[in-house]
Amino acid sequence: MLELPKRKNPVLRTRLPTLPPAARSRIALGLTAAAALGRFELQQCRDCGTVQYPPREACQGCLSIRLEWKPQSPEAELLAATVLHHSNDLFFRERLPWRLGLVRLDCGPTVVAHLHERVAPAPSRVIVAAKLDRAGQAVLVALPDKEANMAEDRQLREFTCDPKFRKVLVTDGKTALGQAIVKALAAAGADLIWVGYAEPWKKFAGFDELKPLPQVTLLPLDVTDSKNVREVAAEIGGKVDILVNNAEYHRTYGISNRPGVDTARAEMDVNYFGLLRLAQEFGPAMRSRGADGLASATAWVNLLSIYALANFPPHGTFSASKAAAHSLAQCLRAELRPAGVRVINVFPGPIDDEWNQLLPPPKITPAALANAVVKALQEGVEDGYPGDVAQEWLARWRDNPKALEKELST
Amino acid sequence: MSVLAQLATGLAAGKIRVVDLTETLSPEFPHISLPPEMGQAWPFRIEEVSHYDERGPAWYWNNFSCGEHTGTHFDAPIHWVSGKDLPQNATDSIAPERFIGPAFVIDCSKQAAADPDFLLTKPFLLDWEKRHARIAARSWVLMRTDWSKKSGDAVAYQNYDETGQHTPGPDTDAVRFLVEERDILGFGTESIGTDAGQAYHLRPPYPCHYYMHGAGRYGLQCLRNLDQLPPTGALVVAAPLKIRNGSGSPLRVLALVESR
């Protein structure tokens, strides 16, 4: 069990972040693409069925080039374990000793995996998972069982963004979702949670219930006000390990049901420019703290929408603002990557809230979405699609984006 | 000596004080809130263009944005449906001499302190006239409540509870009296809105907007420093920005006060 890290001596130097080896071939990125969604996929030959590892152009069994990424069983056996005491790679050099093993997957290939400390000496049964490392690339880890907690393991904690012991900023505590996220983070062991709220004179339900939580500090934060964002970042930016940007402006309608651009502008101001303001003001401090001990800066979560992938015309301008935010989040991901800080985009379907009043169920509840946010942090994925609607849209979008566009326009 | 020369001399000698009745425009200053499904006025926002830096090496300047009804601001008759068809009803068409007028300052500070929903009534005004002077035609009537002393605390200044906003203002009869029997230029308050916070429930809703603007008169709100004005004798200069067909504008409101 990890314990709450000691308070940092504020006069000590903060070491610069280093990254594990990040180069991958385009084909090898298939492993990363699946791991980004929390999936374990390997190439499998469509002709002879052989499962491949490492990723390759042609089947190692029959030389067919008809290889396809498919979900694989994580069941495996540890053949041999070793402890690395020397490395010329800067990332591992700083983290020695490091435990590795040779693991034979039940589906065929033998792989090199990072070992959880609770994995029994070889031979022993293990569960293999593909996880994103601090460089944002997939690596394989071997766990003693499906319940193994990676955040409690010194090595594997590097592959999660677990909120336990971490200091988190939730940008909007005024919504039911924001309040649910705060409660879920507190339950997951966050050390301290700053909760932003805009327009403090407006009363809002549930907010007062946050005050008694010992982890919570409320602070006025309006992502449309550059000066305010700058001042809040100046005050707490150097301590934020995880930033959850759930500030959102959402109104119904597309182009022709609503005259003027003011509402669309307000959506862009919160959903797109709000993210930009936060990224400009909080990004630099988080980049400098990517290697700040056990509770380093680790993740940036954006509440996007499944409508970011394909425009949902009845909520057309909102969709456009979320698509803009999605694009900017990709830029932020690239810019935070050198520090090992992960950008996690969450794409829910309609949330069961005021602005989706007239949409029929299923709608994801704030509590379910909040749990999905915490789970995404714990599992260290990059993209989350919580709820039935999001999963279904994702499947249709991956299958054929044009077909989804046509389906949504009728 | 001409009147204007006397004015200039008085200003130079400090015999005439200039009292600033204006709140500072800043992002923190509370702004008007409407139900969220309605169109919203932009709050004041400001972005730096350059600050003697690579964006402009020797100069500092900002871009700002806000609605016409932001901070200390002027309401033109065209703002309200009752004044929409009047002549000279917008910020660009109002005759400029109508921006300057004597101020009659009605002290309601004790009443507003006791009751945030305090309504200024016609009997209250008649009683005030008995003690001070008859309100002159073509004058600004300013309702002093000392509400502006809360302006550093947005929550207290807006004063919302589950039934909405609670701030002082005039009742229907008081507004009609000022327009129909005293022929004033306009009405000014220290809170957000020339009407009371609960004026939606008066008949008609928002009577100060309805009657004042319906009669081609003006509004000033979010004023401050009214406690530095005498009940009578101050001269108010309140000229809005010359926005084409503008319904209002943030402005600098100045009062000239003669020292005794």
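Residue numbers (my numbering), protein chains in the order written: chain Y, 512 to 921; chain P, 99 to 358. A virtual CB, placed ideally from N, CA and C, is assigned to each residue, including glycine.
By the criterion of a C-beta distance shorter than 7 angstroms, Ala254(P) is surrounded in its chain by Lys248, once the five residues flanking it on both sides are discounted.
For Lys675(Y), the three-state secondary structure derived from DSSP is coil.
The DSSP-derived three-state label of Thr170(P) is coil. Taking a contact as a CB-CB distance under 8 angstroms, the pair Ala840(Y) and Asn856(Y) counts as one, their CB atoms being some 5 angstroms apart. Of all alpha-carbon atoms in Glu846(Y), Val693(Y), Ala819(Y), Thr828(Y), the one lying nearest the alpha-carbon of Ala834(Y) is that of Ala819(Y). Contact annotation: the stretch 305 to 317 of chain P touches the stretch 170 to 189 of chain P, with at least three C-beta pairs closer than 8 angstroms.
Distance from the CA atom of Ala534(Y) to the CA atom of Lys657(Y), rounded to whole angstroms, is 29 angstroms.
Taking the Cβ atoms as the reference, Arg236(P) lies roughly 6 angstroms from Leu283(P), within the contact range of under 8 angstroms. When beta bridges are read from the DSSP output, His625(Y) appears opposite Leu611(Y), Val652(Y).
Chain-ordered, the chain Y residues with CB closer than 7 angstroms to the CB of Pro128(P) read Trp712. Contact annotation: Val239(P) and Ile204(P) have beta-carbon atoms nearer than 9 angstroms.
Here the alpha carbon of Met310(P) sits roughly 12 angstroms from the alpha carbon of Asp271(P). In this chain, Lys714(Y) is not harboured by any beta strand (DSSP E), its DSSP state being neither H nor E. Bridge partners of Tyr258(P) according to DSSP: Gln263(P).
Using a CB distance cut-off of 9 angstroms, Trp140(P) counts as an interface residue toward chain Y.
Boundaries for Val147(P): no alpha helix (DSSP H) harbours it, while the beta strand (DSSP E) harbouring it runs 143 to 151, taken from the DSSP string.
Considered as a whole, the stretch 852 to 895 of chain Y harbours 853 to 857 as its complete beta strand (DSSP E) runs of no fewer than 3 residues, in chain order. Between Ala699(Y) and Pro731(Y), the C-beta gap is not smaller than 9 angstroms, which leaves the two residues out of contact. Taking 9 angstroms as the cut-off between beta carbons, the residues of the stretch 143 to 165 of chain P near chain Y are Arg143, Ile144, Glu145, Glu146, in sequence order. Within 7 angstroms of the CB of Asp863(Y), no CB atom of chain P is found; the nearest one sits about 17 angstroms away.
By the neighbour-count definition (other C-beta atoms within 10 Å, threshold 16), Arg668(Y) is a buried residue. For the stretch 773 to 807 of chain Y, residues whose beta-carbon sits nearer than 9 angstroms to a beta-carbon of chain P comprise Asp773, Thr774, Arg776, Ala777, Asp780.
About 6 angstroms separates the beta carbons of Phe551(Y) and Ala640(Y), which is inside the 8 angstroms limit, making them a contact pair. Here the C-alpha atom of Trp159(P) lies approximately 49 angstroms from the C-alpha atom of Arg229(P).
Just measuring C-alpha positions, the residue of Asp281(P), Thr265(P), His299(P) sitting nearest Gly291(P) is Thr265(P). The contact set of Asp259(P) on chain Y, defined by CB atoms closer than 8 angstroms, consists of Lys714 in chain order.
Against chain Y, the CB of Gln256(P) has a partner CB under 9 angstroms away; the residue lies at that interface. Within the stretch 234 to 257 of chain P, Ala252, Val253, Gln256 place their CB atoms closer than 7 angstroms to a CB of chain Y, listed in sequence order. Collapsing the DSSP output to three states places Glu579(Y) in a strand. In the three-state scheme derived from DSSP, where H, G and I count as helix and E and B as strand, Gln138(P) is classed as coil. Remark: three or more beta-carbon pairs, one from each stretch, lie closer than 8 angstroms, so the stretch 801 to 815 of chain Y and the stretch 871 to 889 of chain Y are flagged as touching. DSSP places Ile290(P) in no beta strand (DSSP E); its state is neither H nor E. In terms of CA proximity to Gly748(Y), Ala790(Y) leads the group Asp736(Y), Ala790(Y), Arg526(Y), Met779(Y). In this structure, Leu339(P) sits away from Ala353(P), with a CB-CB distance that is not shorter than 9 angstroms.
Nearest CB-CB separation between Ser584(Y) and chain P: not below the 9 angstroms threshold.
The DSSP-derived three-state label of Phe823(Y) is coil.
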